[in-house]
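Novice:
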Amino acid sequence: MKIFGFRSDPTTPRYAVVDGSTTPITLINADSESRLRFPADCTTEAAQITWLYREFERIFHTHPDITKVVIKKGEFTQGDNNAKRVASYQEAALLLYCGLHNKPVVTKIYASLSTRSAQVKDHAIARVGQTTRYWDGKMADAVIAAWWGAINP
Amino acid sequence: MSGIATTLPIAPGALLHNKYEPMQMIGGGNFGEVWLAKDHAVDHTYAIKILKPGVTVVNQLREAQIGHAFTHNNLVRVHQADVLTDGRVIIAMDFLPDGPITTLANPANFLPLPLAIKTTVDTLQGLEHLHGSSFFHNDIKPENILRGQDGQARLGDYGIVGISQNGQPVPAPARYILHAAPETTAGNGIEARTDILQTGLTLFRLLAGLGALRAKFNFLGQANYEAALAAGTLLAASDFPPYIPNAVIRVIKKAIDPDPGKRFQSALEMRRALEKLAFPGHWTVDPGGAFIGLDKRHQFRFDSIAAAGTNASLQAFKRNLQSNRETRVSAFTKSNMPAAEARKLEVAFIRAVVAGKVG
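Chains as they are written, first to last, in my numbering: chain A, 1 to 153; chain B, 1 to 359.
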C-alpha cells in the first residue's frame with residue numbers, strides 16, 4: 001500500500017512516497033528524489049503547472065501501485081499573497097491528476113494531521129523517517145501527509 | 001483477417017486492406033514506405049507504415065505492439081496494425097503534419113539553442129516513460145523526433161526497440177551506426193545508457209548541424225569513427241560552434257562518455273541537467289546565411305571585415321526590437337587587428353549574447 005504525500009512550494013515542491021504495509025511505515029524515497037525543482041526557464045505560472053503535472057504523470061508511472069494521495073495544503077490564515085496562490089495552483093494540478101486517474105485524494109491542514117508547524121519535523125522522523133537530502137519542514141509536511149494516508153486507509 | 005493482395009509501390013487512391021486510402025508518400029527507407037492515408041472505417045487520417053516483407057509477421061507486428069503499449073505526450077502512438085494477405089504489415093500511427101524536428105533547422109542546418117534544448121528535454125521525457133517499462137528505443141536521432149500539435153517533440157519509430165525483463169542490457173535488434181554506443185558496437189547490447197548516448201549525439205547534431213556526424217563518418221570511415229567514439233575523441237572542442245554554451249557542451253560530453261558508468265545514469269538525470277540551464281540569448285542564421293543573435297529585446301549581428309595585410313576588423317551591432325534602432329556595440333567593435341584577435345573578439349561577442357551580457 002503506497003501513499004503519496006505532497007507539499008507545494010513556489011520553487012521546489014516536495015513529495016513523499018511511503019509504504020504503509022510495513023511496520024514501521026517506510027519512506028520509500030528517503031534516498032532518492034523527493035524535491036521537484038522547476039526548470040530554470042520555466043517561469044510562467046502556466047508553464048510551471050504544466051511541468052508539474054507532467055512530473056506527477058512520471059511519478060505515478062514509476063509507482064503505479066500508489067493507492068492514495070494526501071496533500072498538505074496551505075494553512076488558513078488572514079493574509080493572502082502570490083506565493084499562496086501559486087501553491088494552491090500546484091495542489092489543484094495534483095487534484096486534477098487524481099480526479100482524472102481515479103486516485104483517492106484528500107487535502108489536510110496541520111490540525112487534521114495531528115501535528116504543528118513547529119513539531120512537524122520531529123513528528124515525521126518519529127512516525128516515518130526523514131530524507132537523506134533536502135530535509136526540512138516542507139519535506140516533513142509531505143512525509144506527515146503520506147503517513148496520515150497510511151494510518152487512515 | 002480480411003485483406004487484399006498488393007505489391008509495392010503503393011499507389012495513391014488504391015484502397016489497402018479495404019479501408020486505407022493512401023494519399024501521399026511521406027517517408028521511406030529499407031523498412032518500407034510511410035504514407036499519409038485516410039482510414040475510411042473510422043474516417044481518420046493516419047501515417048501508415050507499410051513494412052517490406054522479409055521478416056516474420058510476428059517480428060513485424062512487434063514494432064506496432066511496442067508503439068501501442070504506451071500513451072505519452074512525447075511518444076508517437078501506434079493505433080493499430082493489420083496484416084495483408086501477402087503477409088505484409090501495415091502500422092497506423094499518429095499523423096503529425098508538422099513532420100520531424102529537422103524541418104525547423106535554419107539555413108545552416110542547426111536548431112536555435114532554446115528549441116534544441118526543449119526538443120531534447122521532451123525526448124528525454126518520452127524515454128523516461130519507455131525506460132520505466134524496460135523498453136530501450138535504440139534509434140534516437142533527429143529524424144525520429146516529430147513535432148506534436150501542441151509544439152512538443154514526440155519520439156517515434158519503434159522498429160529496433162529492445163525489450164528487457166528487468167532493465168538489464170538486451171541484444172540490439174539492429175543499430176544505427178552513427179549513434180551506436182561503443183558497448184553496442186562491441187556486442188554488449190543496449191540499455192538505458194545507450195539511449196542516453198544516442199540522445200547526447202542527437203543534441204550535438206541539433207546544435208552543431210544535422211549533418212555534422214555524417215560528415216565526420218564520411219571523413220573518418222566507419223572503423224575510425226567507431227574507434228573515436230569509443231575513445232571519447234569523436235567530438236573535439238573545435239566541433240562545438242561558439243554559440244553552444246559550455247554548460248550544454250558539458251551535458252553532451254557527459255552523455256556520450258564511452259564509459260557508461262560516467263554517463264548520466266538515467267534519462268531523468270540528463271533531463272534534470274538540461275532543466276537547470278537557461279540562456280538569455282541565442283543565435284540562428286538568416287536566409288542569407290548571416291548569423292543573427294536574439295534575446296528578448298534585441299537582435300544582434302556582426303561584420304567581420306578584412307583589413308590591411310592579414311588584419312581584420314569586427315563591427316558588432318544590436319537593434320532594439322521595439323524601436324528598430326540599431327547601434328554599434330563598442331565593446332566588441334575594433335578595427336585593424338590581427339585576424340586571430342578579430343576571431344577571438346567575434347567568439348566573445350557570440351558568447352556574450354548567449355549569456356545576456358550585451359545589454
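Glycine residues also receive a C-beta, built at the ideal position from the N, C-alpha and C atoms.
Here the structure is a predicted model, which is why all the values come from computation and not from measurement.
From this set, B:Phe-110, B:Gln-322, B:Ala-180 and B:Gly-356, which residue's C-alpha is nearest Leu-206 (chain B)'s C-alpha?
Specialist: Position 206 of the second sequence, counted from the start, is the residue given in the question as residue 206 (chain B). Of B:Phe-110, B:Gln-322, B:Ala-180 and B:Gly-356, the residue nearest in Cα terms is B:Phe-110.
Novice: May I ask you to list, following chain order, the residues of the segment 276-292 of chain B that have a beta carbon less than 7 Å from some beta carbon of chain A?
Specialist: Here the close residues are Lys-276, Leu-277 and Ala-278.
Novice: Looking at chain B, is there any beta carbon in it that lies within less than 8 Å of the beta carbon of Thr-62 (chain A)?
Specialist: Working through the first sequence from its first residue, we reach residue 62 (chain A) at position 62. Output row for Thr-62 (chain A): interface = yes.
Novice: List the residues of chain B that Pro-10 (chain A) touches, going by C-beta distances under 9 Å, in chain order.
Specialist: Taking the first residue of the first sequence as 1, we reach residue 10 (chain A) at position 10. Going along chain B, no residue has its Cβ under 9 Å from Pro-10 (chain A), so there is no contact; the nearest lies around 17 Å.
Novice: Comparing C-alpha positions only, which one of A:Phe-56, A:Asp-19 and A:Ala-93 sits nearest to His-129 (chain B)?
Specialist: Locating residue 129 (chain B) in the second sequence gives position 129, where the first residue counts as 1. His-129 (chain B) has its Cα closest to that of A:Phe-56, out of A:Phe-56, A:Asp-19 and A:Ala-93.
Novice: Would you call Ser-335 (chain B) buried or exposed, if buried means 16 or more other Cβ atoms sit within 10 Å of its Cβ?
Specialist: Position 335 of the second sequence, counted from the first residue, corresponds to residue 335 (chain B). Ser-335 (chain B) comes out exposed.
Novice: For Leu-113 (chain A), which residues from the same chain have a beta carbon less than 6 Å from its beta carbon, with the 5 sequence-adjacent residues on both sides left out?
Specialist: Along the first sequence, read from residue 1 onward, the residue named residue 113 (chain A) stands at position 113. Excluding residues within five positions, the ones whose Cβ falls inside 6 Å are Ile-144 and Trp-148.
Novice: Nearest by alpha-carbon distance to Ala-47 (chain B): which of B:Ile-91, B:Ala-105, B:Asn-59 and B:His-17 is it?
Specialist: Your numbering for residue 47 (chain B) matches position 47 in the second sequence. Checking every option, the nearest Cα to that of Ala-47 (chain B) belongs to B:Ile-91.
Novice: For a cutoff of 8 Å on Cβ pairs, would you count Asn-73 (chain B) as touching chain A?
Specialist: Here residue 73 (chain B) corresponds to residue number 73 of the second sequence, with the count starting at 1. Interface residue, yes.
Novice: Got a sec? Which residues, its chain only, sit under 8 Å from Ala-42 (chain A) by beta carbon, not counting five neighbours each side?
Specialist: For the purposes of this step, residue 42 (chain A) is taken as the residue at position 42 of the first sequence. Checking the sequence, you will find Cys at residue 42 (chain A) rather than Ala. Answer for Cys-42 (chain A): Gln-48 and Trp-51, listed in chain order.
Novice: Please classify Leu-197 (chain B) as buried or exposed, where buried requires at least 16 neighbouring CB atoms within 10 angstroms.
Specialist: Along the second sequence, read from residue 1 onward, the residue named residue 197 (chain B) stands at position 197. The residue is buried, with at least 16 neighbouring Cβ atoms inside 10 Å.
Novice: Closer than 8 Å by C-beta to Thr-7 (chain B): which residues in its own chain qualify, once you throw out the five before and the five after it? Chain order, please.
Specialist: One-based indexing of the second sequence puts residue 7 (chain B) at position 7. The predicted position of Thr-7 (chain B) is uncertain, since its pLDDT is 49 and thus under 50; no value can be drawn from it.
Novice: Exposed or buried, Ile-170 (chain A), counting other C-beta atoms within 10 Å across all chains shown (16 or more means buried)?
Specialist: Residue 170 (chain A) cannot be examined here, being either before or after the span of chain A that is shown, 1 to 153.
Novice: The beta strand (DSSP E) with Met-270 (chain B) in it runs from where to where?
Specialist: Within the second sequence, the letter at position 270 stands for residue 270 (chain B). No beta strand (DSSP E) holds Met-270 (chain B); the alpha helix (DSSP H) holding it covers 267-275.
Novice: Apply the 10 Å Cβ neighbour rule to Asp-259 (chain B) and answer buried if 16 or more other Cβ atoms are within range, or exposed otherwise.
Specialist: Numbered from its first residue, the second sequence carries residue 259 (chain B) at position 259. The residue in question, Asp-259 (chain B), is exposed, as its Cβ has fewer than 16 Cβ neighbours within 10 Å.
Novice: Whose C-alpha, out of A:Arg-127, A:Glu-75, A:Ala-30 and A:Asn-152, is nearest the C-alpha of Ser-8 (chain A)?
Specialist: Within the first sequence, numbered from 1, the residue matching residue 8 (chain A) stands at position 8. The residue with the shortest Cα to Cα distance from Ser-8 (chain A) is A:Glu-75.
Novice: Three or more C-beta pairs closer than 8 Å, one from the segment 102-119 of chain B and one from the segment 64-83 of chain B: is that the case here?
Specialist: Touching, no.
Novice: Taking Cβ to Cβ, would you say Phe-317 (chain B) is nearer than 8 Å to Arg-325 (chain B)?
Specialist: Stepping through the second sequence from its first residue, residue 317 (chain B) is reached at position 317. Stepping through the second sequence from its first residue, residue 325 (chain B) is reached at position 325. Cβ atoms of Phe-317 (chain B) and Arg-325 (chain B): not closer than 8 Å.
Novice: Can you tell me whether His-40 (chain B) is buried or exposed? The criterion is at least 16 other CB atoms within 10 Å of its CB, across all chains shown.
Specialist: As a working mapping, residue 40 (chain B) is identified with position 40 in the second sequence. By the 10 Å Cβ count, His-40 (chain B) comes out exposed.
Novice: In chain A, which residues lie with their C-beta within 7 Å of the C-beta of Gly-132 (chain B)?
Specialist: Mapped onto the second sequence, residue 132 (chain B) falls at position 132. Within chain A, the residues near Gly-132 (chain B) are His-61 and Thr-62.
Novice: Starting from Gln-198 (chain B), find everything on chain A with Cβ-Cβ shorter than 7 Å and list it in chain order.
Specialist: Translated into the one-based positions of the second sequence, residue 198 (chain B) becomes position 198. What Gln-198 (chain B) touches in chain A: nothing, since even the nearest Cβ is about 20 Å away.
Novice: Does the beta carbon of His-129 (chain B) sit closer than 8 Å to a beta carbon anywhere in chain A?
Specialist: The residue labelled residue 129 (chain B) in the question sits at position 129 within the second sequence. Yes, His-129 (chain B) lies at the interface with chain A (some Cβ there is under 8 Å from its Cβ).
Novice: Please check if any C-beta of chain B sits within less than 8 Å of the C-beta of Ala-40 (chain A).
Specialist: Here residue 40 (chain A) corresponds to residue number 40 of the first sequence, with the count starting at 1. Cβ-Cβ to chain B under 8 Å: yes for Ala-40 (chain A).
Novice: Determine, for Arg-54 (chain A), whether the minimum Cβ-Cβ distance to residues of chain B falls below 8 Å.
Specialist: In the first sequence, counting from the first residue as 1, residue 54 (chain A) sits at position 54. It does: the Cβ of Arg-54 (chain A) has a partner Cβ on chain B nearer than 8 Å.
Novice: Check whether chain B comes within 8 Å of Arg-35 (chain A), counting only Cβ atoms and requiring the distance to be less than that.
Specialist: Stepping through the first sequence from its first residue, residue 35 (chain A) is reached at position 35. Judged by the 8 Å Cβ criterion, Arg-35 (chain A) is not in contact with chain B.
Novice: From the DSSP secondary-structure annotation, give me the bridge partner or partners of Tyr-46 (chain B).
Specialist: Within the second sequence, numbered from 1, the residue matching residue 46 (chain B) stands at position 46. According to DSSP, which records beta bridges pairwise, Tyr-46 (chain B) is partnered with B:Ala-37.
Novice: From Leu-213 (chain B) to Cys-98 (chain A), what distance separates their C-alpha atoms?
Specialist: Position 213 of the second sequence, counted from the first residue, corresponds to residue 213 (chain B). Position 98 of the first sequence, counted from the first residue, corresponds to residue 98 (chain A). Rounded to whole angstroms, Leu-213 (chain B) to Cys-98 (chain A) spans 45 Å at the Cα level.
Novice: Against chain A, with Cβ distances strictly below 8 Å, would Gln-265 (chain B) count as a contact?
Specialist: On the second sequence, residue 265 (chain B) is found 265 positions in, with the first residue counted as 1. Not an interface residue.
Novice: Is the separation between the beta-carbon of Ile-140 (chain B) and that of Thr-123 (chain B) shorter than 8 Å?
Specialist: As a position in the second sequence, residue 140 (chain B) is number 140, starting the count at 1. As a position in the second sequence, residue 123 (chain B) is number 123, starting the count at 1. The answer is yes: Cβ separation under 8 Å.
Novice: Look up Glu-326 (chain B) in the DSSP assignment and give the residues it is bridged to.
Specialist: Taking the first residue of the second sequence as 1, we reach residue 326 (chain B) at position 326. In the DSSP output, where bridge partners are listed per residue, Glu-326 (chain B) has B:Arg-319.
Novice: Do the CB positions of Leu-210 (chain B) and Ala-116 (chain B) come within less than 8 Å of each other?
Specialist: Position 210 of the second sequence, counting from 1, holds the residue named residue 210 (chain B). Position 116 of the second sequence, counting from 1, holds the residue named residue 116 (chain B). Against a cut-off of 8 Å, the Cβ pair of Ala-116 (chain B) and Leu-210 (chain B) comes out as no contact.
Novice: Under DSSP, the alpha helix (DSSP H) around Asp-122 (chain A) begins and ends at which residues?
Specialist: For the purposes of this step, residue 122 (chain A) is identified with residue 122 of the first sequence, where counting begins at 1. Asp-122 (chain A) -> alpha helix (DSSP H) spans 120-127.
Novice: With respect to the beta strand (DSSP E) encompassing Ser-335 (chain B), which residues constitute its N-terminal and C-terminal limits?
Specialist: By 1-based counting over the second sequence, the position of residue 335 (chain B) is 335. 334-338 is the extent of the beta strand (DSSP E) around Ser-335 (chain B).
Novice: Specify the secondary structure class of Lys-73 (chain A) as computed by DSSP and reduced to three states.
Specialist: Start at 1 with the first residue of the first sequence, and residue 73 (chain A) comes out as number 73. Reduced to three states, the DSSP call for Lys-73 (chain A) is coil.
Novice: Let me check you understand the geometry: is the CB of Tyr-97 (chain A) closer than 7 Å to at least one non-hydrogen atom of the ligand MG?
Specialist: Among the ligands in the structure shown, none appear at all, so the ligand MG cannot be discussed.
Novice: Does the Cβ-Cβ distance between Arg-151 (chain A) and Ile-66 (chain A) come in under 8 Å?
Specialist: If you number the first sequence from 1, residue 151 (chain A) lands on position 151. If you number the first sequence from 1, residue 66 (chain A) lands on position 66. Sequence check: residue 151 (chain A) is Ile here, not Arg. Taking 8 Å as the Cβ cut-off, Ile-151 (chain A) and Ile-66 (chain A) do not qualify as a contacting pair.
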